[in-house]
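A short write-up of the structure that comes next.
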Amino acid sequence: MKTSQKIAGATANYVDERTGAAKWLKKNLTKVFPDHWSFMLGEICLYSFVILLMTGTFLTFWFDPSQREVIYHGSYLPLSGVHMSAAYDSTLHLSFDVRGGLLMRQIHHWAALIFMSAIVAHLFRVFFTGAFRKPREFNWLIGIGLLTFGIVEGFLGYSLPDDLLSGTGIRIAEAILQAIPVVGSYLAFFAFGGPFPGTAFIPRIFIVHVLLLPGLFLALITIHLMLVWYQKHTQYPGPGRTEKNVVGYPLMPVYMAKAGGFFFIVFGITAFLGAVASINPIWLYGPYTPGQISAGSQPDWYMGWLDGLVRMAPPLETHAFGHTISWNILIPGLFIPGIIFTGMALYPFIESWITGDKREHHLLDRPRNAPNRTALGVMSITFMLISLANGGNDIIATHFHLTINAIMWFTRIGLFTVPPIAFVITKRVCLSLQRADRDLVLHGKETGRLVMLPTGEMVEVHEPLSDAKKWTLTQHQQPDALPAPLPASATVGLKGKFRARLNRANATQIPAATLTDLKELGDGHH
Amino acid sequence: MKKISSFRRHRIAGPILVVAALFTIGTAFGVASALPSAQSTITTGTSTLVSQGKAIFLRGCSSCHGLHAEGGSIAPSLIGVGSAAVDFQVGTGRMPMADMSQQAMQKKPLYNPQETAALAAYVSSLAPGPSAVTNESLTYERDGNSALGGQLFRTNCAMCHNFAGQGGALTNGKYAPSLMGVDPKYIYEAMVTGPQSMPKFTDATITPQEKLSIIKWLQEANHEQNQGGASLGRVGPVTEGLLGWVLGLGLLIGVSVWLAMKAK
Amino acid sequence: MSDHSQVERFQDPGLPEHVHRNADVDPIAAKRAERQVAILFLLSAVGTVLTIVSYVFVKSDKYIYLPVMGSTNVQQLLLGIGLTAATLFIGLGAIQWAKKLMPDQEVIAERHEFRSEDVDRDDLVATFKERGEATGLGRRSLIKRTLGLALGLVGLSPLILLRDTGPLPGKYFDTTDWAAGTRLLLDPAGTPIKASDLEVGAVAQVLPELPAGTERTLENTGKDAVLLIRLHPEDFNLDAQRLSWTYQGIIAFSKICTHMGCAVALYEQQTHHLLCPCHQSTFDVTRAAKVIFGPAARPLPQLAITVNSDGYLVAQQPFTLPIGPSFWERNSSNG
């Protein structure tokens, strides 16, 4: 036996005698993971998070989370002698006087942007394939939580340097707090340790940003992954894949290599962006002071939709009995986001209430086979995109020679008119695609080759689909798979009638082709 | 020949014809607008600068600004605007205004520097006003303080022109232009005369030395090397977010597709 | 639609035949794949070396011009490219290794039922019931109630400890540093200003003169910042009282947006409009900063100004209304 084998054996023995690790390692090293590129989106989130932890830790070794006033004497001359907070000063120091400091700052910020984009992309994938259905509702809720906290974490993170742009964002956040009825001015004073801007806010959000929220993320992500591990990942339908199995590759060696390698890819691409693209050049913004503002001030993209909603809000306030309620802030700043995130969180339960479907689902839906859900998703995305566009209306106006006023009006009206249109169009597209699938199965694939029949008729040769393809296109409707007809008891009363109505609307489908249909087509068909 | 005549009946022939016609008209108009008009010929001879300026004014400006530069409903009075305003507006090509839109756009100047000087002399002869300056007379390198200039810029200018002088939107289609690469004298003259939507910054509110500092800061900002890579326009998070999605997530999805593909 | 039992559905043909990769059957292809992976890993090593060399030897004040990117700092670029190569190529190598050389037979694993066995569930319920009764909570209501009281109260102490995170707002929002006779000072120069310093169409950013020895903080600026604008007096469309707050066409407004607190300093000289760049609220200066577009619900508070005996612009009185964004206690019936 070689020495290395002896050492490995001894170590393994040492550990196993104390932990019983051999048993669960044996089981888990052979765990099967289905392989599809869209399953990597969640991994992008996970690996960006690790990169954020690593680069963030680096930054904390130099960043001074204090708002005490200092005078700048570093190497960036255009700010020489300027009064600023220690937070801003230490960020300048990191950017200009610490080797690799700016690189780490940029990788950190790009990783944050990618983290949020990947969460959204992953959310889309999970939503449109119905992966949130039983037994994965808990994971969906955790995911919505990660999304929400991610937005907060990002906002706090880019506010730490106390520059003019992010400081303006903090001013706006304070105004939202202040606008809350009854307790608003107290909450604002408690959060900021007194009047705005104060000197307590940056040190406080620093702890939230580096300790509290990362800790929360670690816990949520751990539970999220443990659930995926235990429940096994979903898979796309196809030959050999059933609700009762998982088809894919084993953890060791394939998945370890691919997933482990992918971590380095995410790091590499984030590092690439950090190397070649400037992000958050705070020295150009200048230190924060409430008396200054820049044209084209926006939050980072994942808050852009909030900014867009606030911009398009009508100027509504109630002035009564010596008090003021700012609907123009509360509605777009708190109520609408509250409705959106609550709606998102509750969606799996709403959908199962509508369909009456209480079964487990481990095979994913092709989006076209769930037309209502897909249309609802596209409608929501349209809503968010319109809000997001308005968040950048001044940048759009200058670059495309439009007016901010026109963009504002377009989005005010479009926010309500365009999403329903998107719903209808998407649903129709899904149904058309279902029809196309049906035709494909029954008539085969068009080959573009023409053949003349003895009768003189010109026909196009169709190639019949393989059995595997036929299966993939028709497996989605099991004998009793149509959205379960609701029991009569569930459809009484106003709520029940509403539920029945939704249930019927949801049940619009093009029937999948069956073998019987194919046989009925019989001869004389090409 | 057959191909053309058979193409005539193609259903796309009509739209293509319309597009071709529009393209031809547009190009012709563009070419015609770019051609220097006959008005730009210099009158040589014994005319003084002021009378030369008056002649140019009557030909090229009086239709909007009035025969005596008194202004009217479509153009403001030029009495008292000084040579600074003329040097700025005509030198940057904003005047004469090509169309009656929200804002006079910067374009290739119609008048050469000598004609511009003549116009400036004429207008300043009507009433005292701020004087034009030259790039050489602005000793910002020696007398300006760029850190102070930056602070002044952020307090007085960034709300329209953006923190890095990249320009910004005003209401109803008006905009504050980018200040990058603009001659120091035009920046100075603009601050003093307050062209169009821009307010005036008198020498009492921003002293000449402070104005030099602002110009110094702007020149340095224009030439400032990027510390961290491509600048993405220096307009903030909008372009950063776009790049993050398109390049960042795009590349990662590309790698994911490759990763999951079966190898040959 | 025919009766379900008679409809024949397409059957699952099962996993497709495994197709071997070149590297599985051809040793030359396998060797080639091995070389590819090796080269990728070597490139990563090169990347690490580049990172270290850039860190140690490249000067931090050198810049280079590149197409598309423009100018950039050389050391930061090389550090970044080095780090990119160091990490990216490990990933590419590992993935290429897995794709070309590691077994790619699809494996099937069975899913298991999550639901516990009935016997386990019943046992759990029984255990829970039995041991729950053993606690005696059910019978001993005194324990139950006092436990509830104790647990409910203990959570209050941490909450009450947060009280000192900040002072009470009190009358803070109602006052600024502007008072009768306070001189207007230019920001950032700090010098006082006379009416003749402003021409029609000019603006100035001003702050109040603070009592001697008082240092100006950002909190002061956040309340006190004022914008001074000069128009032709005939351009104003104001009632008599507001007109009396102006001086020879000079009008002063709080610069802090009444919507969400950004600095409203963008003045359009020809339209006499003020634009807040944050959410595009637009205010009409000629009508005492009345809101004409955007989400702001109240005009900017106007500061009454006049000149003192030396000719410097001063405030006539404090602001008559709280400045800045709204809050519950704000009496906004007058704007």
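Residue numbers (this note's numbering), protein chains in the order written: chain A, 1 to 526; chain B, 527 to 790; chain C, 791 to 1125. Each residue gets a CB set at the ideal place from its N, CA and C atoms; glycine is no exception.
- Contact between G754/B and P281/A holds, with the beta-carbon distance rounding to 7 Å and staying under 8 Å.
- Annotation: the segment 402-480 of chain A contains the following complete segments of the beta strand (DSSP E) (minimum length 3 residues), in chain order: 445-452 and 458-463.
- Listed in chain order, the non-local C-beta contacts of A595/B below 8 Å within the same chain comprise F583, C587, S588, S603, L604, I605, V649 and L652, local neighbours out to five positions each way being set aside.
- Rounded to whole angstroms, P197/A and G167/A show a C-alpha spacing of 9 Å.
- Going by DSSP, P710/B is part of no beta strand (DSSP E) but of the alpha helix (DSSP H) stretching over P710 to T719.
- Listed in chain order, the non-local C-beta contacts of T199/A below 6 Å within the same chain comprise Q67, local neighbours out to five positions each way being set aside.
- Taking C-beta atoms under 8 Å as the contact rule, I396/A and T697/B fail to qualify, at a distance of about 15 Å.
- The way I'd put it, the segment 307-317 of chain A does touch the segment 326-344 of chain A; three or more beta-carbon pairs between them come closer than 8 Å.
- Inside the segment 150-225 of chain A, DSSP marks no whole beta strand (DSSP E) run of 3 or more residues.
- With contacts defined as CB atoms closer than 7 Å, A684/B and S294/A qualify as a contacting pair.
- According to the DSSP assignment, A647/B belongs to the alpha helix (DSSP H) that extends over P639 to L652.
- For the beta strand (DSSP E) assignment, the uninterrupted runs of no fewer than 3 residues enclosed by the segment 978-1013 of chain C are, from N- to C-terminal side, 993-998.
- P948/C counts as exposed, since fewer than 16 other C-beta atoms from the protein chains shown sit within 10 angstroms of its C-beta.
- Beta bridge pairing from DSSP links N863/C with Y853/C.
- By the criterion of a C-beta distance shorter than 6 Å, P1108/C is surrounded in its chain by W968 and A969, once the five residues flanking it on both sides are discounted.
- Residue pairing of V32/A in beta bridges, as defined by DSSP: P250/A.
- P287/A has D163/A as its beta-bridge partners, per DSSP.
- Close to chain B, meaning a Cβ-Cβ distance shorter than 8 Å, are the following residues of the segment 848-876 of chain C: Y853, V858, M859, G860, S861, T862, N863, Q866, L867 and G870.
- As the crow flies, the alpha-carbon of P161/A is around 6 Å from that of T91/A.
- In this chain, the alpha helix (DSSP H) harbouring E920/C covers D908 to T925.
- Annotated three-state conformation of A375/A is helix, per DSSP.
- From the beta-carbon of D977/C, the residues of chain A found nearer than 7 Å are G291.
- Taking 7 Å as the cut-off, the Cβ atoms of K726/B and G720/B count as close.
- Membership of S1044/C in the beta strand (DSSP E) is indicated by the continuous run I1040 to S1044.
- For a cut-off of 8 Å, the C-beta gap from G157/A to Y302/A is around 11 Å, too long to register as a contact.
- Secondary-structure assignment with DSSP links S85/A through a beta bridge to E69/A.
- Shortest Cα-Cα distance from F800/C to any of K469/A, N503/A and F498/A involves K469/A.
- C-alpha of E360/A to C-alpha of F206/A: approximately 43 Å in a straight line.
- For the pair K258/A and I1113/C, the CB atoms are not nearer than the 7 Å cut-off.
- Annotation: L773/B is outside any beta strand (DSSP E) and is labelled neither H nor E by DSSP.
- In this structure L1093/C does not touch F1026/C by the C-beta definition: roughly 15 Å separates them, more than the 8 Å allowed.
- Against W471/A, the close residues of chain C are F800, Q801, D802 and P803, in the order they occur along the chain (beta-carbon pairs closer than 8 Å).
- DSSP places K737/B inside the alpha helix (DSSP H), whose first and last residues are P734 to H749.
- Residue environment analysis places S48/A among the buried positions, since at least 16 neighbouring C-beta atoms fall within 10 angstroms of its C-beta.
- Apart from sequence neighbours up to five positions away, the residues of its chain that approach G248/A with a beta-carbon distance below 6 Å are V32, F33, P34 and D35, ordered along the chain.
- Judged by DSSP secondary structure, A320/A falls within the beta strand (DSSP E) whose first and last residues are T318 to A320.
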